[in-house]
Every structure is written in structure tokens, then in C-alpha cells.
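Below you'll find the structure, written out as C-alpha cells, and then a few comments.
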């Protein structure tokens, strides 16, 4: 589904990613871990198409198409969803209006008619129930005045609404208490099918107790330096990142 | 009024009424010209200084401009008519000949500067600061000239620069502040007596802080100095300016010009601690301070940073500005302005964005006490070609007492859609909760106010060079001792 | 810039009109009004018209607008057609009592010039009120305006003839919003100056919607004054919608005089107009007042909209908010100048001021002067001003959800404007304005879509 080959990327002339290789197939859950500054968020931003990063070498293909050639919104409609580490507040834009526009843009991309208002509201209700999001939240402006936990839940709700093929969750666990973490993780698990895939980017092993990965990758100094099964996360938790640093410095 | 409130008022009064400690007069013999302003005065000043013909022409042209102009009225200041015919335009300590070494400087003068905490003895100075000391109309001594000279840095009095570096002066004098710029700039250009000149050659980082110390001593004199700083490509200099004046009942006029030219990738940091005599607690006396300070970031990625701590003067009219002509150039203005008793200040900055991707920051902290009026006035102008430029301005006012005023008059003029311009301002007082919290931790109210005010001004004080920062903090405390109701 | 000599000439022309033709038209006027005329023309003569040297008019040369030879409308326009045939209010569901002012004069199809509503409120023509309620009018007319040293205000006061008079007695509540429709319609270029007087007595409440329209393609200049008096505990909401064509010049001067615990909201929405200058003067004369002033302007081509707001916190414990926003397209020019004045001893004042502008092109220009003048220490005052583009992070976030660039920009622009629209409490009007603004932003709206004259289409060809 997603294939990243020898990806090099920099920001303001400073190289952050130095040859990342990663392949993800439908039905898989991948965890990307690594110390601060390893390039985790850079990687997710590049997949989503944030323009401040410059890809200097390598390629990313998604379902056989060159992802790097697509605009961020085209990537989204093609099925790439990014859960933001810091979801953006958009004062004045209601969640309903925001989601309706997004859902209909996705439908248009697939050649479908826009949803009727009633069908859309029903979809919202169903998905809210699925991810256990408080119905009040969707009556407000996008992320405005939301607590940290509410913002992250809202990301999962949007993921449920848009049904992406590939979800990249960037530090979705940061700033969450244990209950919110459970809700977020349950949401992700419920949305998992044999056809979609998830990349969970995290600093701590904690989230992986709830979202069990098939593969764990360690990103360090702009490269994936280690790949193994879910046991790697536990090993990391146990030994800390210094263990990795010692091996590769 | 509760006892607590009374106590606070008392402390406020004590603190705000500390005497001005630089108010002494030095008894030296002066070479003065008669008071009054005319073409004759201009010619006389030029003659006294043995100036070349081109300099006299510059002055006369400026004087003609001046005659056509009126004193600006737009500032939020209440200034009595200033009779320019009552001012003495040239006063210099009597010197027999040119000073070659420290031994030849009048010991009285040396003592004066020692008393002000400015040692002109290079041996005695601990830190690396080169000083140009200006008393009334002339520069009396520039230290470390030779040391700097070895690196190609020119640092001398303006009079010397006219003699020794005429080409540089001709090229840059009036390049940023033309005589026609405003009333006081025209006046200064006609009658300026001395000042400092500084040139940093290409690629040189000036190894020490350069500084000018201005002292008004003689009675009834005006001080009209100019400073010109030129930083060539990839050079750097940090420049300090300090000023004091004796305590007198008459108001004295100070109208200065500072011009800064910064070339490609060069940086000039200009810091001022302005402590002219502010007048007494009834508003009698004090300096009228009308200053035009402007720099141009001519080259790409050049930078000018203005930092000012303004505590003195009866009236301050001053807007250090940056013309951001070079692409990616940066302008900064950090200011703390304290007014107390009957002081009035109308001060701020101008940032003119011409180059692409130019950035400016304005941080202004006004503190008003007593019966004073403290205004921030600033212009941010983004021209059409200044794509992707950015300005952030924050102008806060702190009021200590209910008889003073704090005002904010920003002007934002934006002609470019890709520019982002933001201005924010707040007005506040020191809250009783804050004072109580400090009290509860065992801090006296007076100290608490000092703490809070310094905390409030910290963002700006941090920008000052170390030695100045300590001085400025003390000055803030002194200027405001006792100020909260 | 217009020179002093030209201003002098314009002023002399008005003086001549005042002592000549105008004097004969208003010969039967009561003494109190004659006093106002005499004082005001003298004042106008000494102040003149503002030019750019005046700090408050730095960005708009008002006097220059007067150089065109407008015919001065000092008698009511005689219309042969039924005005209802050519003008239909754009807000069909708006259940209001509608009043029409045509070229500065009260227009009444049935000849009925003043009415008493069931609530006891009196609503109608100012000229009729001068006859029917002379004491009331004398008590309030010009009482705010006379303190002003604005030349434009003195000019209007010197020629007071007609406009809308609203009187809401003690504790009365207007049943439904009053809608005032100011129309300009004439085949010649004319200048009109209407005068509105709204008096809300103690504890009264009401909402007023003012709509400014132009109905023919001629050039128009309007210089209006509205005085609004809010007595103790009165609650007023005024929404003004400006929707004139590109050849119109509209100058409005609004005075709001508030007494203890009164609450006034004024919302000025400039959707269209050639040159618009809105002056708003608010006096908070006693404790506990609340004032909220909002403004939105959507400008394009070479339109210019200038908003000036002066809030005088004369007494302690009052609260004021100013929020003005603008979206500027093409070569449009915008200016905002707001001043919060806090008098000595007006402690516990809370005053906020904000101006946000979005420039859509490199030819649009914005001038912003948010100002604070504060003479009391125990106050909470703040102001801010921003100018810039749409938030890039928000745009990216929307794109990451599959929303296209154009649509995302649209949504954000609408959200930007929506903050002001959402302050309108008259529900159908809110819906309608929402709709109008969205259309305006999408560029789908024929700008004067309720006007049969289609003068806007003519404009486009110019």
C-alpha cells in the first residue's frame, strides 16, 4: 500500500531524514518509535504533504501512485489520514460544516454525489457513537477551546468519518490521561479492517498496550535503525533509547 | 482610605521622589558663544570648529530648511513655547590645544566623568568598552582609539571625522536623516556641535562595546550632537549611549540625531540609557529631549536592534526607526519608558518594510507614575514589494497611581497581502494579589513593586549589554521607588 | 490633496445655500431649531470640512468628496412610481415595521407620517415629530452632536429637515425590530443629509435595523447624523447594513449617549459602497454601561471603507468592546481608527478593541490605528490589530482532510467574517446576512441584487 524508499528530507537546509525505507501492507499496524528529534513528526508531515519540508531524494508510492506529486488534499482524498500531534484550532468554522465539506470532497474525488444533509447527520451520529465522542464537541468550532484529550478524540472521530486507507497517528497519545488514551485506542481498533493500515508514531510504549502493532520500527537520526515485532517496544521501554543510541552513535 | 492604602501611597511617594543623583554641576571654564539663533550663529559654530567649506554649506542649507518649518504638534505632549533665541548653541570646556593623552585632559572633567561612573582612563576600565565622552558641545576624549584603529575600526569624535575622514562623512551624513526630515533634525543639522563617528570595516566584529557618554553641564545651553555609525558588509558592533545633565530650574534643549547605515549581513545593536535630568517633583526644570534616531538596513540580511531605557527628561520625543530595505533584513525595537512626577514621553518606533521577507519586532513597556503622561507611538509600514514580511508589536503600559496617563497610538499601514502584521497592547496595574503574594512570602511592598516592575520590563532589560542592564535595573528602581496605590 | 482654498469655496457655497434657498424652505421652523441652524452653520464655517491634515482623516480626503457639483436635496423628492415596485427588501422573512427615507426625507405612501405603536412607542418622520412632539424633540435633538467638533456633523445640523424619529417610553419594549430603509434614487447627482433621532427611555428595549441602498446609477453623497439616547437600563441593538453602489459616497455620524446600566450594541456591516466613512461616537456617561461596537466590511475594486470609533469612558465600571473586521480584494482601501478614552477616575473600566484585516491582493491597502488614551489606573484595557492572509496551518489542516484549496480558503474567509455576523440577534436578518456574505465572498452575488436599476452592471463597464 505505502512504500517509502530512501527518503531524504530537509527543512531550511538542515537534513532531518537521511534515507528512510518503509513498506506497509493492508491490514497492518506499524509503530514508529524513537527519541525526540529523530524525525518522527517530519516523516508524518511529509506523508501528509506539509510544504515546509523539502524532499531531497527518494520516493513515496501509495497504491502505486507517486504520493509526493499530490497536493495535501489529494493525498487525503486518496485515503491518507494524518492525526495531528497538535490539532489546529479554527475559530468560527463549525465542526459540522468542516466535516461535511471534507466528506463531500472525498466523495467527489471518488465520483460520488454529495451526501444529503440528513444522511450526513446520521453518519455523524453513528461515528460519534462508534468513537465515544461527546456530541457537544461537534457543535463547536473546529478544536476551539477543546482540551488536549478532546482534540485527540476529535482526530479519531474525523478518521472514522473519512475512513482512510492509511492513518498516520502522530503522537496521538501525548497529553492524554489513561481514560482518554483508552477511548482513542478503542476508536483506532474499531476502525481497523483487513483493507486499511495504521502507522502509530509514539515516544512511549504505553499506547502500544492498547493498539497492538505488527511491526515496531525505531527511527534514529533520520533513519530506521531497527525493525522487529511488538516485543521491540517492550525492550525499548525496558532499556530506554540510550540503548539504541549506544549502538548507533 | 484604609491604613494599608495609606502605607502604600506613602511608599509610592517615597519611591517616586528620590533625588536625581547626577544633578551636580562641574565648575569649569567654558568657551561659549552668545545666545540666539541666526545664520551668524551657524557660521560662528562652523568657524569655531575650523570646518571645511562643504560642512558649512551643509549647515546653511539645513538652516534654510529649518526656517521654513514649524515645531510638530501631533505628539501627545504639552510643551510650552520654546524660545530658541534664549538658547546658547555652543559651549565647550576651555582647552588650550588638542588633547593627545589623558594627562592633558582637564582634571575637573576627568573627575566629572569619574563621578558619573565613566572612567576615561583606559587602564582603569575593567571591561572592554571604548568611550567617546561629550560634554556640552564637544567631545573631550575618545578612549581605545588606537586599539580599535589596528582593526581598521574608526571611532572618534564627529569633529575629528570631518577632518580625518571627509569622504566617509560626505557620503553618509544626512543619508538616513536628511536635514529636511523634521523640525528638530533641521535644527540639529544647522547647529550640531559634535558627536561620535564610527565605521566598522567589512568582515570585522568589533571586539568591544563602543559607547558615547553625553553630559550637559553649562547652563542655558542646548546640546545638539550627532552620531553616525556605518557597518560595512558582514561586520558587527554593539553601541551604547548614556546621558545625564545637572539639576537646574530652567528647561534645557537637547536635539540629537543618530544615523545608522548597515550593509549586507552586518548588524548594529544600539542601546541607550537615557537619564537626562527629568525636572523636580513639581515639574520645574528638566531636559526637553527631541531626538531623531534612524537606521537603514541597506544590505541583504542586515540587522538593526534598538534598545532603550528612558527614565529621564521632562519631555521625550523620540522614535528610533528602521528602514528595512534589504531582503531578509531585521529591525528590532525594545523599549522601557518610565515617566514620573510631571514627565511626559511620546516615544516608540517606526518600521518601514521595503525588502522581501523583512522582519521587525517592537516590544515597548511603558511605566507611568505620579502626574506623568506616557505615550507609545509607532508606525509599521509594509510597502507593496515587501513580500512575506512580518511584524509583531507588543506595547504594554503599567500605571502606578491614578493621576498619570498611559496611551498607545500605533499606526499600521499594510500594502501587501503576504505580510503579517500584528499589534497587541494591554494596560494594567500591579494587582493587590501580586503584592499580597509577595508580602506573604516575606517581601516588603516596596521591594515587591521593584520586583514586579523589573519583571515587567525584563524582556527589554535582557536585551541590554550586561554592564548597562545592571545600571538600568537600578535606575528603574530609583525612578519608581515607592510607586503603588 | 484638496487645498484650503477649495474647502473655503465649498463652505461658502453651503453658507449661501443656508441663508438663501434653504432659509425660505424652512421659514416656518420653531425657534429652537432655528438656533441649532444658526449655531451649526457658524460652527461649520469655523471648522470647515476635514482634510488629511486632520489625524482622524489621515487616510481619507473627505473634503475632496464634496468637489463634485451635487445638487443639494432640500425638498422631498416627488416619486411618481410606487417605491415598493422597485425596491423590495432583501430580507423577506424579516418581520419588521419598515420606514423608508428617500433622498433624506420620510417617504410615506399613505401620507401617514407618524404612528404610535401598541407598545406606546412613537415612530415616524422627524419633521412631523418637530410639529407633534416639539418638547421631546427640543430636549434631545443635537444634544450629543453639538458637543462634537466634527465639520461633517455641524454641516448636517445646519440643515436638519427630516429623518426618522423613534421614541420608546419608559419600560416599553418594541414589539418587533424597526427597519429603516435609506434609499437614494434620483436621475441627477445629489447630496442628501438625513437626521435620525432615537430616544429610549428608562428600562425600554428595542432593535433597529438600518439599510442603506442606492436605487439609481447617479452619483450620490450622503452625510447623515443619527443620535441615539439610551436612558438608565435601556437595551438597544442597532444593525446597519450598507449596500450602495460604487458611485456613492456615504458618510455616517452616529452618536450614542448612554446612561446608567444601559446596554447598546451597534453593528455596521458594509457590504458594498464606493466610499464609506462611518464615524461612531459613544459616551458612557454613568456607571454600569455596556457598549459593543462591531463592524465588517467586504470591499473590492476601488472601494474605500473608513471606520472611526471613539469610546469615551467618562465614568467608572463601564464595559466596552470594539471588533472590526475587513476583507479587502482588488484595489480596495480600508482604514480603521478607534480610540478608547478612559477619563481620570473612571476606575474598573474594561475596554477592548480589535481590528483584523485580510488582504486578498497585493493592491489592497489597509491602515489601522487602534488607540488607547488612559487616565485611570485600575482598568483592564487592551487592543490589537492584525493584518495578513489566511492562517496557513488552518489551511493545511483542512487540506489534510481533503478540502480543496479554494474551498478551504472560502471556509476560512467566511469564518473570519462570521464572528461579526454572529453578533446579530435578529434571527432572520442574521440568516440573510450570513447568506449574503457567503455569496459576496464566493463572488456569486450581483452586488446590488435587490436593485432593479442594475447600475452595478453599468459600473463594471466603466
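Residue numbers (my numbering), protein chains in the order written: chain A, 1 to 249; chain B, 1001 to 1485; chain C, 2001 to 2462.
For glycine and all other residues, C-beta sits at the position ideal for the given N, C-alpha and C.
Quick caveat: nothing in here was measured; it's all calculated off a predicted structure.
- Straight-line measurement puts the Cα of residue 1179 of chain B at about 12 Å from the Cα of residue 1067 of chain B.
- In this structure, the CA atom of residue 2097 of chain C is about 20 Å from the CA atom of residue 2103 of chain C.
- Any Cβ of chain B closer than 8 Å to the Cβ of residue 2313 of chain C would place that residue at the interface, and such an atom is absent.
- Per DSSP, the beta bridge partners of residue 2101 of chain C are C:2106, C:2182.
- Burial is judged here by how many other beta carbons sit within 10 angstroms of a residue's own beta carbon; residue 2109 of chain C has fewer than 16 and is exposed.
- Rounded to whole angstroms, the gap between the alpha carbons of residue 1320 of chain B and residue 1307 of chain B is 9 Å.
- DSSP places residue 77 of chain A within a helical segment (H, G or I) once states are collapsed to three.
- Under DSSP, the beta-bridge partners assigned to residue 2338 of chain C are C:2309, C:2370.
- The stretch 2215-2226 of chain C makes contact with the stretch 2248-2262 of chain C, as at least three CB pairs between them are under 8 Å.
- In the three-state DSSP reduction, residue 2274 of chain C falls in the coil class, being neither helix nor strand.
- If only complete runs of 3 or more residues are kept, the stretch 1184-1245 of chain B shows the beta strand (DSSP E) at 1194-1200, 1209-1215, 1225-1231, 1236-1244, in order along the chain.
- In the three-state reduction of the DSSP assignment, residue 66 of chain A falls in the strand class.
- No Cβ of chain A is located within less than 8 Å of the beta carbon of residue 2229 of chain C.
- Using a Cβ-Cβ cut-off of 7 Å, residue 2296 of chain C is close to nothing in chain A; its nearest Cβ partner there is about 12 Å away.
- With its beta carbon at least 8 Å from every one in chain C, residue 160 of chain A lies outside the interface.
- The beta carbon of residue 88 of chain A falls within 8 Å of a beta carbon belonging to chain C, placing the residue at that interface.
- In the structure shown, residue 1179 of chain B adopts helical secondary structure according to DSSP, grouped into three states.
- Residue 119 of chain A: member of the alpha helix (DSSP H) spanning 117-131, first to last residue.
- Taking C-beta atoms as the reference points, residue 1176 of chain B and residue 1051 of chain B fail to come closer than 8 Å.
- DSSP lists no beta-bridge partner residue for residue 2194 of chain C.
- Contact of residue 2404 of chain C with chain A by beta-carbon distance below 7 Å involves 73, 105.
- For residue 2397 of chain C, at least one C-beta of chain A is nearer than 8 Å to its own C-beta.
- Non-local beta-carbon contacts of residue 196 of chain A in its own chain, meaning distances under 6 Å to residues more than five positions away in sequence, involve 165 in chain order.
- With contacts defined as CB atoms closer than 8 Å, residue 2242 of chain C and residue 2271 of chain C qualify as a contacting pair.
- At the C-beta level, residue 1236 of chain B and residue 1206 of chain B come within 8 Å of one another.
- Per DSSP, reduced to three states, the secondary structure at residue 1329 of chain B is coil, with no helix or strand assignment.
- CA-to-CA, the gap between residue 79 of chain A and residue 163 of chain A works out to about 8 Å.
- Rounded to the nearest whole angstrom, the C-alpha separation of residue 1079 of chain B and residue 1086 of chain B is 16 Å.
- Fewer than three beta-carbon pairs drawn from the stretch 2132-2149 of chain C and the stretch 2172-2187 of chain C are found closer than 8 Å, and the two stretches are therefore not classed as touching.
- Residue 2386 of chain C is positioned such that its CB atom lies no closer than 8 Å to that of residue 2334 of chain C.
- According to the DSSP assignment, residue 2324 of chain C belongs to the beta strand (DSSP E) that extends over 2319-2328.
- Within the same chain, 2077, 2103, 2216, 2218 come within 7 Å of residue 2186 of chain C by CB-CB distance, once the 5 residues on both sides are set aside.
- One alpha carbon belongs to residue 1372 of chain B, the other to residue 2194 of chain C, and they sit about 44 Å apart.
- The Cβ neighbour count for residue 1276 of chain B, taken over all protein chains shown within 10 Å, is at least 16; the residue is labelled buried.
- Taken through DSSP and simplified to helix, strand or coil, residue 1406 of chain B comes out as strand.
- In this structure, the straight-line span from the alpha carbon of residue 1153 of chain B to that of residue 1201 of chain B is close to 6 Å.
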